[in-house]
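Colleague: This is the structure I have questions about; it appears just below.
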Amino acid sequence: MMRAILVKRNDPRSEDEKNELQMNELRELAEAAGYSVIAEMTQTRHPDRKYHLGRGKVDELAQIVADLKPDKVIFHNPLSTMQIYNISETCRCETIDKFQLILEIFATRATTHRSKLQVELARLEYELPRARAVISILKKDERPGFMGLGGYEDSYAQDVKNRMIRIKSELETIKKDNESLRAHRHSQGFSLIALAGYTNAGKSTLFNALVAENVESKDMLFTTLLPITRSLDVQGRDVLLTDTVGFIEDLPHWMVDAFRSTLDEIFLADVVLLVVDSSEPLEIIRKKLLVCHETMWDQLQDVGIVTVFNKTDLISEEELQECMLILGYLAPNPVAVSAKAGSGFDGLKSQMRDLLPEWKRVTLSFPISKEGMSIVAWIFNEGFVHGVNYDNGISIDFEARDKIISKAVSLVEKLSLALFL
Amino acid sequence: MFDIIAVDISGRHKVKDEYLMVCASVAASVTADHIEKVNQVAIRSFRSNSAPDILYVVKMVEDTVSELKFSGTIVTEAGDFYNKPQWLIDNMFTHDFKYQESLSERRCIEIAHHVSLSSRKLLLKELGIQ
Ligand SMILES: Nc1nc2c(ncn2[C@@H]2O[C@H](COP(=O)(O)OP(=O)(O)OP(=O)(O)O)[C@@H](O)[C@H]2O)c(=O)[nH]1
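Sequence order for the protein chains is P and U.
Basically the working numbering = 1-based index in the first sequence + 2.
Basically the working numbering = 1-based index in the second sequence + 13.
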């Protein structure tokens, strides 16, 4: 695991409570990105143009870095290129700010081609204003002879701009690959379940607990394709469970598209598990649920939502009841669990099972023709085919969701109707 | 299950020196993520020479809702009340009132929005405006 030191500059006269919350959030983000936090440092002052913190504080940081040898220094505050350069040089350690940290998380969670492009675009957006500065710093400090290459400075920024234009146009041309991804996984006979919720709600813990319960696993196919997806048996149904990036508050506007694209997994799921930390104050849970509804509502069609009240081991039965009652209007299909203690999983699983779209097995027969073959191809995409027989026309034996079967039946009917005309 | 009345107003911009607005209200029974039943829809039109202030918006909503046989909490987008805090607006209403939160509330407002838009379009056409 990579090790990180967290640093935060507090504004003078800012509230302690808020500062503490922000540091907590940074810690959660760092953990979500796969770092273990080995030290934390704060200083209260106005920002220094060159070092962000005071020069003396940065020297102190350099000493801690020399002692603890972290892989990265992570600042809560946005840093300018010059500050990043100066701090990394002084500390002899790679230094990033919160935005770069979030981009790292997005990058590890972006699974579809589209979401990868979105994340790259956000990274370039972050880089653009810094592209010029990088060159001038290099010129000044490291490469005195560099001045001769006058045009390079502009061409670097231009290069970043060109790449952004290229990505934007590619994003426009690729149709959402969601549908084909969904089809691909359905074709393996799996239904899709996605975990969603705020960072620290306990998604990963729940993910691991549910997967651990599952003795036999058929992962090989998917682990390489989707690093955070595992197969799971839910009361006799094969499902794929996917973890997603947690919701993060106050994202800058240029990050929002990249963030939404990492939620692709949610928008193509059959069931979404919306995980909330029920040990938090009611008002905070309400606000977080509200943001989840707001983010998802117009893209979620035809998806079952289970609201998972997690961390119930931390609160009393009365508190839990009150919480579920008051927030009922924002909490579809609520269940209470403790991911840590492993309690409540039976209720969770039967709730999931209830919401999974029904699959049925049928056999359809129709004449061999070009149209007939395209129906076969479509069924291969949408369902799980047990066998096809071409002896006397086409006869196909398959399993699929109710809706898919009705559609297949109507396609076949249309085909035979056309033959009579 | 909860009873709500989703409300949306269209036409809050000047056309030919006046404001011709249509307010649509949708009475529905919902769960957190589903509209279980749309019970009734009521629409009303309003004309005014000046841009509607908050009190006028409250009046339009109450007048329209009063035509419904069904009761429920009135739900709107915050933008309809110039993003003023909910408690402030709540105090001006005689009915229960709140801003949209859940998925189903948002979907109901979407319906109200389509109703008010299309009925206003029809109205403008019938009146020969635009
Ligand atoms: N007491 C208690 N703690 C829990 C429970 N579930 C998770 N936690 C703790 O809550 C913290 C966050 O859990 P994670 O599973 O990492 O949360 P997450 O939602 O995946 O967060 P990100 O990975 O940051 O998106 C960890 O310290 C867990 O040990 C629970 O049921 N009870």
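The beta carbon of each residue, even a glycine, is placed where N, CA and C say it ideally should be.
Please give me, in chain order, every unbroken run of the alpha helix (DSSP H) with length at least 4 that falls completely inside the stretch 314-364 of chain P.
Modeller: Correct list: 319-328 and 347-357.
Colleague: Could you tell me which chain P residues have their CB closer than 7 Å to the CB of serine 115(U), listed as they occur along the chain?
Modeller: Here the neighbours are His295, Tyr331 and Leu332.
Colleague: On the DSSP bridge assignment, give the partners of cysteine 36(U) in chain order.
Modeller: Bridge partners of cysteine 36(U): Ile22(U) and Arg57(U).
Colleague: Residues of chain U with CB closer than 9 Å to the CB of isoleucine 307(P), please, in chain order.
Modeller: Within 9 Å Cβ-Cβ: Ala45, Asp46 and Leu116.
Colleague: Secondary structure at isoleucine 76(P), three-state DSSP: helix, strand or coil?
Modeller: It is a strand residue.
Colleague: Please report the straight-line C-alpha distance between isoleucine 22(U) and cysteine 36(U), rounded to a whole angstrom.
Modeller: Cα to Cα, isoleucine 22(U) sits roughly 4 Å from cysteine 36(U).
Colleague: Beta-carbon separation of cysteine 93(P) and lysine 74(P) under 8 Å?
Modeller: No; because the gap between Cβ atoms is not below 8 Å, this pair is not in contact.
Colleague: How many angstroms separate the CA atom of methionine 257(P) from the CA atom of alanine 124(P)?
Modeller: When rounded, the distance between both Cα atoms is 6 Å.
Colleague: Going by the beta-carbon positions, is the gap between leucine 357(P) and valine 278(P) smaller than 8 Å?
Modeller: Going by C-beta atoms, leucine 357(P) is not nearer than 8 Å to valine 278(P).
Colleague: Going by the beta-carbon positions, is the gap between arginine 12(U) and glutamate 31(U) smaller than 8 Å?
Modeller: Outside the displayed range of chain U (14 to 143) lies residue 12(U), so it cannot be described from this structure.
Colleague: Give me the Cβ distance between valine 74(U) and lysine 111(U), rounded to the nearest whole Å; I'm assuming they're in contact under 8 Å.
Modeller: Their Cβ separation, rounded to whole angstroms, is 12 Å, which puts valine 74(U) and lysine 111(U) out of contact at 8 Å.
Colleague: Hey, is phenylalanine 15(U)'s beta-carbon within less than 8 Å of any beta-carbon in chain P?
Modeller: With 8 Å as the cut-off, phenylalanine 15(U) counts as an interface residue toward chain P.
Colleague: Return the chain-ordered list of same chain residues with a C-beta closer than 7 Å to the C-beta of proline 146(P), the five sequence neighbours on each side being excluded.
Modeller: Residue placement at proline 146(P) cannot be trusted, given a pLDDT of 45 that sits under 50; the coordinates are not used to answer.
Colleague: How far does the alpha helix (DSSP H) with lysine 72(U) in it extend, from its first residue to its last?
Modeller: First-last of the alpha helix (DSSP H) with lysine 72(U): 67-78.
Colleague: How many Å lie between glycine 385(P) and alanine 402(P) at the Cα?
Modeller: Approximately 4 Å, taken between the alpha carbons.
Colleague: Is any beta-carbon of chain P found at less than 8 Å from that of arginine 119(U)?
Modeller: Arginine 119(U) counts as touching chain P.
Colleague: Given that leucine 292(P) touches chain U, what residues does it touch there, using C-beta distances under 9 Å?
Modeller: Glu114 and Ser115, listed in chain order.
Colleague: Rounded to whole angstroms, how far is the Cβ of leucine 243(P) from the Cβ of leucine 291(P), which I believe are closer than 8 Å?
Modeller: Contact doesn't hold; Cβ gap of about 21 Å is too wide.
Colleague: Leaving aside the five residues before and after leucine 332(P) along the sequence, list all residues of the same chain whose C-beta is less than 6 Å from its C-beta, in chain order.
Modeller: Here the set comprises Leu291.
Colleague: Within the present structure, is the beta-carbon of alanine 34(P) separated from the nearest heavy atom of ligand 1 by less than 7 Å?
Modeller: The answer is yes for alanine 34(P).
Colleague: Which complete beta strand (DSSP E) runs does the stretch 88-115 of chain P hold, if anything under 3 residues is left out?
Modeller: Correct list: 97-99.
Colleague: For proline 359(P), collect the residues of the same chain with a Cβ closer than 8 Å to its Cβ; drop the 5 residues on either side in sequence, then sort them by chain order.
Modeller: Result list for proline 359(P): Ser193, Asp272, Arg403, Asp404 and Lys405, in chain order.
Colleague: Just to confirm before moving on: does the CB-CB distance between asparagine 26(P) and asparagine 12(P) stay below 8 Å?
Modeller: Against a cut-off of 8 Å, the Cβ pair of asparagine 12(P) and asparagine 26(P) comes out as no contact.
Colleague: Answer with yes or no whether the minimum CB distance from glutamate 139(U) to chain P is below 8 Å.
Modeller: Cβ-Cβ to chain P under 8 Å: no for glutamate 139(U).
Colleague: Measuring alpha carbon to alpha carbon, tell me which residue in Leu63(P), Leu126(P) and Gln24(P) is nearest isoleucine 40(P).
Modeller: It is Leu63(P) whose Cα lies nearest to the Cα of isoleucine 40(P).
Colleague: Answer with buried or exposed for glutamine 303(P), where buried requires no fewer than 16 other C-beta atoms within 10 angstroms of its C-beta.
Modeller: With fewer than 16 Cβ atoms within 10 Å of its Cβ, glutamine 303(P) is classed as exposed.
Colleague: Which residues in the same chain have their Cβ closer than 7 Å to the Cβ of glutamate 122(P), if we skip the five residues on either side of it in sequence?
Modeller: Taken in chain order, the residues that qualify are Ile169.
Colleague: Under the criterion of a Cβ to heavy atom distance below 7 Å, does serine 206(P) qualify as lining ligand 1?
Modeller: Because some heavy atom of ligand 1 lies under 7 Å away, the Cβ of serine 206(P) counts as near it: yes.
Colleague: By alpha-carbon positions, which one of Thr77(U), Leu33(U), Asn52(U) and Val54(U) ends up nearest to alanine 64(U)?
Modeller: Considering only alpha carbons, the answer is Leu33(U).
Colleague: With a cut-off of 8 Å, does the C-beta of tryptophan 299(P) fall near any C-beta of chain U?
Modeller: Tryptophan 299(P) counts as touching chain U.
Colleague: Can you tell me where the beta strand (DSSP E) holding asparagine 12(P) begins and where it ends?
Modeller: Start and end: 4-12.
Colleague: Sorry if obvious, but does the Cβ on threonine 201(P) come closer than 7 Å to a heavy atom of ligand 1?
Modeller: Checking every heavy atom of ligand 1 against the Cβ of threonine 201(P), one is found closer than 7 Å.
Colleague: Indicate the three-state DSSP secondary structure (helix, strand or coil) for isoleucine 286(P) in the structure shown.
Modeller: Of the three classes helix, strand and coil, the one that applies to isoleucine 286(P) here is helix, per DSSP.
Colleague: Spatial neighbours of lysine 82(U) within its chain, please: CB distance less than 7 Å, with the 5 preceding and 5 following residues excluded, ordered by chain position.
Modeller: Same-chain partners within the cutoff: Gln53.
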